[in-house]
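Just remember that the numbering used here sits 532 ahead of the position in the sequence shown, which is counted from 1.
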Amino acid sequence: NGHKLKYRKFCLNMRKNFFTVRVSGHWNRLPREAGESPSLENFKSCLDMVVGNVL
């Protein structure tokens, strides 16, 4: 049958779905300058450089 329903399997490990767990991996991959920036403006500029290099 080509019209089978797609379903999501029940995931017992709900810890992976929390925001802090999902973000921590990305945060750890940031360069040291971005993670330790003293102000929000510096953080944004470092983040823009990192994202610009990825894209």
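By construction, the Cβ of each residue, glycine as well, lies at the ideal position given by its N, Cα and C atoms.
Got a sec, what are the start and stop residues for the alpha helix (DSSP H) R564 sits in? 564 to 567
Determine the DSSP secondary structure at S571, reduced to helix, strand or coil. coil
How far does the alpha helix (DSSP H) with R554 in it reach, from first residue to last? 551 to 560
Flag this pair as yes or no: are the beta carbons of P563 and V583 separated by less than 8 angstroms? no
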